[in-house]
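Undergrad: Those protein sequences? They're chains A and B, same order as listed.
Counting with the working numbering, you get residues 8 to 230 for the letters of the first sequence.
Counting with the working numbering, you get residues 2 to 253 for the letters of the second sequence.
Once you've had a glance at the structure underneath, I'll fire off some questions.
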Amino acid sequence: MSEIWNWNYAFSVLPELLEAFVKVTLVVTVLGTLLAATLGLVFALVRHARIPVLSPLLTAFIEFVRSTPVLIQLFFLFFILPDFGILLSAMVTGVIGLGVHYACYYTDVYRAGIDAVPVGQWEAATSLHLSRRRTWQRVVLPQAIRNVLPSLGNYAIAMFKETPYVSLIGVVELVGMARQVAADTSEYLEPLTMAGAIFLAASYPTALLLRRLERYLETSAAT
Amino acid sequence: MDEVSVAASQVPTLLEWTPNLWRGFQTTMLVTVLGALLMFALSFVLGMMAHSQHLLVRGAARTVIVFFRGTSLLIQLFWFYFALPLLGISLDPVFAGVLALGLNYGAYGAEVVRGSINAVHPTQWEAATALNLSRWRRMQRVIWPQAVVLMIPAMNNLFIQLLKSTPLLYAIQIVDLLTMGEALRFQGGDVAVIYTALLVIYFVTAYFFTFLFSLAEVRGKAKLGQHQGVASALRELVRSKSPEPERVVAGR
């Protein structure tokens, strides 16, 4: 009878898993977060501007995207974009899908941050005769974003944990690689457990760091 | 032979495919509801454990919470599906799916329960102590009823997250709504129509459950004397159409 857990095998798959983790999982997470953070800010500004037609439409879009499964959104993009002549690799499609999905979450985070900027700051900017652009750029956004940094980070971790979804549209990231390795040897326990360990090793310390950042921002804001 | 060629030449319409989608939807609902029940149970148990005075109990709860929150749901799903049978535990895919969803979201829910218990005002704890209630009675009659109302919005979010994760079960060969949609696509159905239909179905379902959770919150508040009750909430809703009822957003 073969042993259930083989340490040699577990360590032998580690290099492949780590390579997929660094080259795909991390890349998708970073690019997806950048897209989500940028697009989310644009969404938040458009909603804040209350542009007729556009702002309500955007609100409806955001509500819809947030209330529906990201996996089906990924499939939607993956199979529909080619019909419009847009040929993207599965990885780029994954980044766009995750990025847009999380942008809809980021929008509310930014909005909370913008709402939390005291009215006096706006009034001060007006009395200094700053232009709208400079008011946003130099007064409101720096304060708003600073306050919501921990929340933005938490969503980045959430996205990080959802990157395995892109393996279902054919991107071989960490979990996809674990399954490939496992399918070759039909030994599933070790690769999947090692993949889980890598996720835990990356997400837990990051979450702890974010909690420290949160505490730091709270105490430094109070002084 | 004839039948095959007919079937191949005729792409079923969405309407003809409805019985299949309905079957898939039932599976999705089954997994969602069972997963949610496990989630609520675990949230309660782990949340109370995380509130315990004993270091060992608290430590055990924290370990489970960190473990299931720190790894990805898809890994947990595959792990239960592929790896557990190797340990001699053979699981039905639906059971593996329910287990993974319940454990993953239960770990998030535990934090909600813990946070809500902590959020009950200190004076309530003091008052219960002053009335010489036992620890058990204090929790059961004073703290818990108030904490439950506080945790409903967050639990609603988690429930929607869980519902939105169920398409993952397609990866472990559960014939859910997404699988049925994919089956229609393989038959040559229009991609845009299929996926839009699926998204709309999930959207409507999510809103339906959010509505139920809002009713539960109103009822809970009414019991605490903080609200007039469901009937008045509905009356208000009908009378003044413009201000929407407070909408609970799906977030983490």
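Where a beta carbon is used, it is the ideal one built from N, C-alpha and C, also for glycine.
All of these numbers come straight from a predicted model, not from anything done at the bench.
My output table needs one value for P63 of chain A: the three-state DSSP class, helix, strand or coil.
TA: One-based indexing of the first sequence puts residue 63 of chain A at position 56. In this structure, P63 of chain A counts as helix in the three-state DSSP scheme.
Undergrad: Excluding the five sequence neighbours on either side, which residues of its own chain have a C-beta within less than 7 Å of the C-beta of E221 of chain A, listed in chain order?
TA: Position 214 of the first sequence holds residue 221 of chain A. Excluding sequence neighbours, E221 of chain A sits near P157.
Undergrad: I'd like to check one pair, T40 of chain A with L181 of chain A: are the Cβ atoms closer than 8 Å?
TA: Here residue 181 of chain A corresponds to residue number 174 of the first sequence, with the count starting at 1. Here residue 40 of chain A corresponds to residue number 33 of the first sequence, with the count starting at 1. Not in contact: L181 of chain A and T40 of chain A (Cβ atoms no closer than 8 Å).
Undergrad: Is it the case that the Cβ atoms of A214 of chain B and I153 of chain B are separated by a distance below 8 Å?
TA: Position 213 of the second sequence, counted from the first residue, corresponds to residue 214 of chain B. Position 152 of the second sequence, counted from the first residue, corresponds to residue 153 of chain B. First, the amino acid is wrong: residue 214 of chain B is Phe here, not Ala. Cβ atoms of F214 of chain B and I153 of chain B: closer than 8 Å.
Undergrad: Look at the Cβ atom of T72 of chain B, then the Cβ atom of G203 of chain A, and state whether they are nearer than 8 Å.
TA: Mapped onto the second sequence, residue 72 of chain B falls at position 71. Mapped onto the first sequence, residue 203 of chain A falls at position 196. Contact flag set, yes.
Undergrad: Tell me which residues share the same chain as P1 of chain B and place their Cβ nearer than 8 Å to its Cβ, disregarding the 5 neighbours each side in the sequence.
TA: Outside the displayed span of chain B (2 to 253) sits residue 1 of chain B, for which this structure offers no information.
Undergrad: Exposed or buried, S233 of chain B, counting other C-beta atoms within 10 Å across all chains shown (16 or more means buried)?
TA: Taking the second sequence and counting its residues from 1, one reaches residue 233 of chain B at position 232. The residue in question, S233 of chain B, is exposed, as its Cβ has fewer than 16 Cβ neighbours within 10 Å.
Undergrad: I need the DSSP call for V150 of chain B, collapsed to helix, strand or coil.
TA: One-based indexing of the second sequence puts residue 150 of chain B at position 149. Reduced to three states, the DSSP call for V150 of chain B is helix.
Undergrad: Just to confirm my understanding: we take N21 of chain B, look at its own chain, exclude 5 residues before and 5 after, and list those with CB closer than 6 Å. What are they?
TA: Position 20 of the second sequence, counted from the first residue, corresponds to residue 21 of chain B. M181, listed in sequence order.
Undergrad: For L163 of chain B, which residues from the same chain have a beta carbon less than 7 Å from its beta carbon, with the 5 sequence-adjacent residues on both sides left out?
TA: Position 162 of the second sequence, counting from 1, holds the residue named residue 163 of chain B. Closer than 7 Å at the Cβ level, and outside the excluded window around L163 of chain B, lie T33, G36, A37, M40, L102, Y106.
Undergrad: Thinking C-alpha only, which one of A:Y113, A:A67, A:L105, A:S19 is nearest F83 of chain A?
TA: The residue labelled residue 83 of chain A in the question sits at position 76 within the first sequence. Among A:Y113, A:A67, A:L105, A:S19, the Cα nearest to that of F83 of chain A is on A:L105.
Undergrad: Please give me, in chain order, every unbroken run of the alpha helix (DSSP H) with length at least 4 that falls completely inside the segment 110 to 143 of chain B.
TA: With a minimum length of 4 residues, the continuous alpha helix (DSSP H) runs that stay inside the segment 110 to 143 of chain B are 123 to 131.
Undergrad: Would V5 of chain B pass as an interface residue toward chain A - the criterion being a Cβ-Cβ separation below 8 Å?
TA: On the second sequence, residue 5 of chain B is found 4 positions in, with the first residue counted as 1. Confidence at V5 of chain B is low in this model, with a pLDDT of 43, below 50, so the placement of that residue should be treated as unreliable; the coordinate-derived value is given next. Judged by the 8 Å Cβ criterion, V5 of chain B is not in contact with chain A.
Undergrad: Quick one: which chain A residues come within Cβ less than 7 Å of W18 of chain B?
TA: The residue you call residue 18 of chain B lines up with position 17 of the second sequence. Correct list: empty, because the minimum Cβ distance to chain A is about 16 Å.
Undergrad: In chain A, which residues lie with their C-beta within 9 Å of the C-beta of F265 of chain B?
TA: In the structure as shown, chain B starts at 2 and stops at 253, and residue 265 of chain B therefore has no counterpart that could be examined.
Undergrad: Drop a sphere of 10 angstroms on the beta-carbon of H55 of chain B, count the other beta-carbons inside from all chains shown, and report buried for 16 or more, exposed for fewer.
TA: Working through the second sequence from its first residue, we reach residue 55 of chain B at position 54. Exposed, since its Cβ has fewer than 16 Cβ neighbours within 10 Å.
Undergrad: Okay, do the segment 45 to 53 of chain B and the segment 107 to 117 of chain B touch, 3+ Cβ pairs below 8 Å being the bar?
TA: Result yes; three or more Cβ-Cβ pairs closer than 8 Å.
Undergrad: Kindly indicate which three-state DSSP category E17 of chain B falls into: helix, strand or coil?
TA: Looking up residue 17 of chain B in the second sequence gives position 16. Coil at E17 of chain B, not helix or strand.
Undergrad: Measuring only the C-alpha atoms, how far is L179 of chain B from L78 of chain A?
TA: Indexing the second sequence from 1 puts residue 179 of chain B at position 178. Indexing the first sequence from 1 puts residue 78 of chain A at position 71. Their backbone Cα atoms lie some 9 Å apart in a straight line.
Undergrad: Considering only residues of the segment 144 to 180 of chain A, which uninterrupted alpha helix (DSSP H) runs meet the minimum length of 4 residues and lie entirely inside it, listed in chain order?
TA: Listed in chain order, the complete alpha helix (DSSP H) runs (minimum 4 residues) inside the segment 144 to 180 of chain A are 148 to 169.
Undergrad: Using a C-beta cutoff of 8 Å, does F96 of chain B count as contacting chain A?
TA: Residue 96 of chain B sits at position 95 when you count from the first residue of the second sequence. With 8 Å as the cut-off, F96 of chain B does not count as an interface residue toward chain A.
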